[in-house]
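In my numbering, the protein residues as written are 98 to 223.
Just so it is clear, CB atoms sit at the ideal spot from N, CA and C, and this is done for glycine as well.
None of the values given here were measured: they were computed from a predicted structure.
Read through the structure below, which is laid out as structure tokens, and then see the notes.
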Amino acid sequence: SSKKPAGLVLELLLLKGLQEGRLSHVVLDQKGDQHRESPRGHWTLQALKNMGEILKAAGCDFTNVVKTTVLLADINDFNTVNEIYKQYFKSNFPARAAYQVAALPKGSRIEIEAVAVQGPLTTASL
């Protein structure tokens, strides 16, 4: 079995007959510490790589994500985060909120919360 990324919480919920996965992720190393000297983009890249592994383990990928919330220690990191985010979410972008917070656990620079739905998704037209 593959190693689970450190600093991760994963819950599975049942909602209206669909299995919905909610995850919240703060980037930590294997000891549970932050890499404070890492460049800004590292935080986002690692968070999204870890998210991809969890989605894969649930039989999903980034196309199953329907909502994300990005919590930033510094809102000035948003453009860097957005450039990396677009490498993982390429079409049918999920709903997203992003904002600066006063502090994140263990001095993290970013936390990404995501809601993913298992199974096929259909695009509704309004």
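| Asked | Found |
| --- | --- |
| Three-way DSSP call (helix, strand, coil) for L213 in this model | Reading off the sequence, residue 213 comes out as Ala, not Leu. It is a strand residue. |
| Continuous beta strand (DSSP E) assignments of at least 3 residues falling wholly in the region 179-209 | 192-197 |
| Secondary structure of T88, DSSP reduced to three states | What the structure shows of the chain is the stretch from 98 to 223, and residue 88 is not part of that stretch, so it cannot be assessed. |
| For N161, the nearest candidate out of K203, E208, A192 (CA to CA) | A192 |
| For T219, the three-state DSSP class (helix, strand or coil) | coil |
| Which listed residue (F159, K203, G216, F175) has its alpha carbon closest to that of F190 | F159 |
| Spatial distance of C157 from T219 (CA atoms) | 15 Å |
| Those residues which DSSP pairs with E166 across a bridge | With the sequence shown as reference, residue 166 is identified as Thr, and Glu is not the correct amino acid for it. A194, E210, per the DSSP bridge assignment. |
| Other residues of its chain near F175: CB distance less than 7 Å, five sequence neighbours each side excluded | L169, A195 |
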